[in-house]
Each structure stands twice: as C-alpha cells, then as structure tokens.
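Some notes on the structure that comes next.
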Amino acid sequence: MNKIALVARREFLTRVQKKTFLLTTIGLPLLIFGFYALMIYFSVSSGDSTTIAVTDEANVFNGKIEGKSDINFEFLKNETKTSLAAKVEKGEYDSYIFIPAGTDILHSDQLEIVSGEKVGLITRDQIEDIINDQLRESKMQAFNIPKAQLDSAQAGSKLNFTTLSGSSDSDVKTGASMIAGYISGFLIYIILFIYGAMVMRGVMEEKVSRIAEVIISSVKPFQLMMGKIFGIGAVGLVQFIIWIVLVFGLQFLVVLLFPDVMHQMQGQPIQPAGMQAAEALKTASESSAFAQGLGQINFPLLIGCFAFYFLGGYLLYSSLFAAVGSAVNEDPQDAQSLMLPITMPIIFGIVIMTKAVNDPNSGLAVFGSLFPLTSPIVMIARVAHGVPDGVSYWQLLLSMALLVLGFIGTTWVAAKIYRTGILMYGKKPTWKEMWKWVFRKN
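For the sequence shown, counting from 1, position 99 maps to 99 in this note's numbering; every step adds exactly one.
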C-alpha cells in the first residue's frame, strides 16, 4: 500500500507542479469567461434596436402597438408606400408597415412588413408575436367581445401532479430536477473522457520512454497501475474543485456586472444537445417559483451520489484506459482502435441519460442506471428527480453494488493486461491477444 501511495504522490506532484496545470486549470476558464463577458458586454451595450414605421389608414391598431425594449413601433400619418420606403432607405427606420384605408382586418390574415435589410429569424418571430397579439385584441373589439370574457373561455384548468406519498410534483420541480440531472450527468461524462484519457497517456509516455522498466524493478505492475490511477484521479479532483469555484465565482461576477444578461440570453437559439433541459430552464427561470423548485431537490443526496458515481466511474474506466495505454506502442492509431470498445459505453450512457432526465422510470433508464458501464452517467440523472420518486431505494443500492463489483472486475482484467503489456514492445496489440493475457498464469 505504501508503494501505491508513493506512485500516486509522484503522479500528483509531477502534474500539479507543471505550468501547464496552472494554465489549463485557471487560465482556460478565465479565457473562456473573458470571451463570454465580451460577447455579453457587446450584446448589452450595443443598443441595437429595430424601429418600424407604421401608417395605419384603416385604424386597425388604434394608433398604438405595444413593443419591446429592442423593437419599437412609430405611427406616421399622411405617408405613402413611396415615402415610407424612402425613409427606410435613408436609415430613419428599419422597416415599415402600410395599411391602406378600407382594409378589412376581420377577413384579412396578411400584413406586409417591408424592410431595408434582412431581418433575423428571432427578431422576425418577436415582431410577428407582437403584431398577432395586437390584431387579436383589435378583432375582439370589432366583434364586441370583452377581452376578460375571451381570456376566461380560453384559460385551461390547472392540473396538479402528486405522488402516492403525497408529495407535490409540480412542473417547476420537474424542470429543476431535469436541469440538475442533465448537468450532473454531463459533468461525469466529461470527467470520464478527460481523466481516463489522461491516465492512458501517462502510461503510454512511461512505456515509450522506458521509465516503466525501471519502476517495475521496485514495484509490482498492479501497484504501479493503481498508483497512477489514484494520483491522476487526485489531480483531476483538485482541478475539478477549482473549476467549480471559478465557474460559480465568475458567473456571479458576470451577473453582477451585467444584470440584463438573462434578458439578453433568452432570445438566443438553443443548442440541440440540451434542448429539453434548456427549455425547462427557460420556463422555470421565468417563474418566481423556480427557487422553490430547487429547494425541493434533495441536494445532500444528489451531491453524495455525484461524489460516489464520480469516483466509481473514474476508477472503473481509468483502469481500462490504463490497460489500453500499457498495450500500445508509439503509434497513436493503435490506441484509437483499442479505445472504441471503451468509449462506446460512455457515449451510450449520455444518450440514455437524455432519456432518463425526462422519464426517469422508463425501462431504458432503469437498465442504464444498473449497468456498471453506464450507471455513473444515467443514475445521477435519475437521483435528481428524488428518491423514491425518481429511483427506488433498492435500485440505487443495487446500482452502487454493481458499480463496485464492476470496478473490481475491470481492475482485475486491466491488471492482467497491464502486467504483460507494460513490458512488451514492437508488437501491434489486438483485443484477442490482450484477452489471452488476462488468463495467462503468473
């Protein structure tokens, strides 16, 4: 055990004391947030707005359209299409709307908006929503229908979801659980890739430089492998903690400097990878009950499970990455071909996780949370929905037990491969050959 600790200490200090560690740990997040701060600053301070000239000879809008902070409507009288086009061409207005006298808005569903330049899709949708809301009110007034009466007829019934235990299952709580589960699962997904590959590269470097031959004379191959896994894992844990502190600190600083950031970012397009979670975040952030929804999440349980699955998933996959690193030589293509069976379960895990955050009790989500190669990513997404609502107690305990057994099994297999591969040179490995190493006697 002392030799494993010595190897782990050497791996930890060797990496932490490098300048690249400080650059990637502190410099990279600062650089990324610097770019985001500049983007937010220019979006907030640019003051770009769309001004639309309106000549309403038919008095459809009664001389008023409620715009937004970046979309304004200005009514002009005694103008023609030609004069309005000239004003747009001179840059006095961005677009114009001309409604001639005698227009029957009750039977006409089309209005023409003429612009001098291309109008973006988001701005186009915002203008369309404003115009349609105003037209709806104008039509109600034309039909002598009180707005309060029509709103009452269109209003639906509020459905309250509860569980058998009697706890409330509101939309805000579900949205907050989806966000917390998606973020937690995605973080573990990134961790498995980054630090697993770091272990593999560390083993490859020592094998290619022949340092491993010297170390093996003093420690057993299993001790060397476990020492590298624990040492690099400690580096990753320290780096991860620093990133969390920087992320929350810089986010608070950005929101403090740019209080309108949420308002500005609401109009941005949503990335497909996080479509469901981002929609839930947008809906929940607009509600004053979002903080209450977050308060209903069992964060102590979520953080505890995150730490367990973070460590369990890292130990399981890093042993496999170490085995691959010990088997390959100088050619990086050999490592890429051997990594495919290891990376595929991680990719499947993130795919199943996108299903689990929306439907935590589906059959696919249950399987993914129990299977050791995908459970670190999938189970944390289910735990965010609560226990026993999102995941039952027996499933959580069984998943933890299977993950521990999976780590023991993969460590045993990886140690067998590592023992032979770390001292083998000049031969291109295959999974068939590596499988023979597993059952080779000492």
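For every residue, glycine included, the Cβ atom is placed at its ideal position computed from N, Cα and C.
Among the options, nearest to residue i - alpha-carbon criterion
i: Ala86; options: Val114, Val404, Gly202, Val199; result: Val114
i: Arg382; options: Asn298, Phe12, Val208, Val238; result: Asn298
i: Arg440; options: Val413, Leu398, Glu112, Ile241; result: Val413
i: Thr80; options: Gly363, Gly116, Ile99, Arg136; result: Ile99
i: Phe33; options: Trp243, Phe310, Lys432, Gly409; result: Trp243
i: Ser387; options: Tyr418, Trp437, Pro300; result: Residue 387 is actually Val in this sequence, not Ser. Nearest of Tyr418, Trp437, Pro300 to Val387, Cα basis: Pro300.
i: Met339; options: Met198, Tyr393, Ile215; result: Met198
i: Gly409; options: Tyr317, Arg419, Gln336; result: Tyr317
i: Phe73; options: Glu128, Ser83, Ile229; result: Glu128
i: Gly390; options: Leu311, Trp437, Ser177, Tyr314; result: Ser177
i: Gly465; options: Lys436, Ser95, Ile191, Ser138; result: With the chain covering only 1 through 442, there is no way to say anything about residue 465.
i: Gly181; options: Ile417, Glu11, Phe306; result: Phe306
i: Phe367; options: Asn358, Met379, Asn132; result: Met379
i: Ile190; options: Val7, Thr82, Tyr314, Lys436; result: Tyr314
i: Leu135; options: Ile179, Lys64, Ser83, Phe193; result: Lys64
i: Leu405; options: Leu370, Gly91, Gly116; result: Leu370
i: Leu76; options: Gly91, Lys90, Asn62, Val54; result: Val54
i: Gly249; options: Leu13, Leu30, Val7; result: Leu30
For residue i, three-class secondary structure by DSSP
i: Ala384; result: coil
i: Phe61; result: coil
i: Phe439; result: coil
i: Asp129; result: helix
i: Ile297; result: coil
i: Val443; result: Limits of the chain in this structure are 1 at one end and 442 at the other, which puts residue 443 out of reach.
i: Val114; result: strand
i: Glu206; result: helix
i: Asn72; result: strand
i: Tyr314; result: helix
i: Tyr96; result: strand
i: Lys355; result: helix
i: Met434; result: helix
i: Lys19; result: helix
i: Leu187; result: helix
i: Met424; result: coil
i: Phe119; result: Before going further, note that residue 119 is Val rather than Phe in the sequence given. Of the three classes helix, strand and coil, the one that applies to Val119 here is coil, per DSSP.
i: Leu302; result: helix
i: Val328; result: coil
i: Lys228; result: helix
i: Thr374; result: coil
i: Lys77; result: coil
i: Pro341; result: helix
i: Gly349; result: helix
i: Glu66; result: coil
i: Gly390; result: coil
C-alpha distance - residue i paired with residue j, whole-angstrom precision
i: Tyr93; j: Ile52; result: 6 Å
i: Gln268; j: Ile122; result: Note that Gln268 scores 44 on pLDDT, short of 50, meaning its location in the model is unreliable and no value can be drawn from it.
i: Val324; j: Thr25; result: 26 Å
i: Thr374; j: Gln126; result: 42 Å
i: Pro429; j: Gly363; result: 38 Å
i: Val88; j: Asn59; result: 22 Å
i: Phe308; j: Gly175; result: 24 Å
i: Arg9; j: Val245; result: 24 Å
i: Thr343; j: Ser337; result: 11 Å
i: Ile216; j: Lys207; result: 11 Å
i: Phe21; j: Arg15; result: 7 Å
i: Lys3; j: Val214; result: 14 Å
i: Thr354; j: Ala101; result: 54 Å
i: Met434; j: Ala327; result: 8 Å
i: Ile211; j: Arg419; result: 15 Å
i: Tyr393; j: Gly233; result: 29 Å
i: Ile447; j: Leu320; result: Given that the chain is displayed from residue 1 to residue 442, the structure contains no residue 447 and the question cannot be resolved.
i: Lys220; j: Ile241; result: 32 Å
i: Lys432; j: Ala322; result: 17 Å
i: Tyr36; j: Leu302; result: 29 Å
Extent of the continuous alpha helix (DSSP H) run through residue i
i: Val366; result: 363-370
i: Ala401; result: 393-421
i: Thr55; result: Run containing Thr55: none in the alpha helix (DSSP H); it sits in the beta strand (DSSP E), 50-56.
i: Asn2; result: 2-16
i: Ala101; result: Premise fails: Ala101 is in no alpha helix (DSSP H) and is neither H nor E.
i: Val88; result: 81-90
Where the beta strand (DSSP E) containing residue i begins and where it ends
i: Ile26; result: First-last for Ile26: undefined, no H or E at that position.
message = Count Cβ pairs between the region 12-31 and the region 67-75 that sit closer than 8 Å; are there 3 or more?
response = no
request  = Flag this pair as touching only if the region 171-185 and the region 348-364 have three or more C-beta atom pairs under 8 Å; answer yes or no.
outcome  = Yes, the region 171-185 touches the region 348-364.
key: At least three beta-carbon pairs within less than 8 Å, the region 398-417 to the region 192-206   = no
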